[in-house]
Amino acid sequence: MAEGLWKVPDDLPEQGRRYDAQRLGGVTVELKSHLPIERQARVIGATWLDQQLIDGGSGLGDLGFSSEAK
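In terms of my numbering, the sequence shown opens at residue 46 and continues consecutively.
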């Protein structure tokens, strides 16, 4: 390959999933609201972060945004 050029491997998405699984121990997705995003943005009430403050951060993980929110 010429200098300054690079090729994206065909299996890049799979490599990313493997990397995340090794680094993070897997990923869990948890539904926090059944409301569509358009309605969530306009709801007046406690947010996810407000709930974490009330609960003392017990639902926060140790990696990524969760660790920063602690």
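Cβ coordinates follow ideal geometry from the N, Cα and C atoms, glycine included. These numbers come from a predicted model, not from an experiment.
In this structure, L76 keeps its C-beta atom at 9 Å or more from the C-beta atom of V88.
Collapsing the DSSP output to three states places G61 in a helix. Secondary structure at W51: coil, using DSSP grouped into helix, strand and coil. The Cβ atoms of G106 and Q96 lie no closer than 9 Å to each other.
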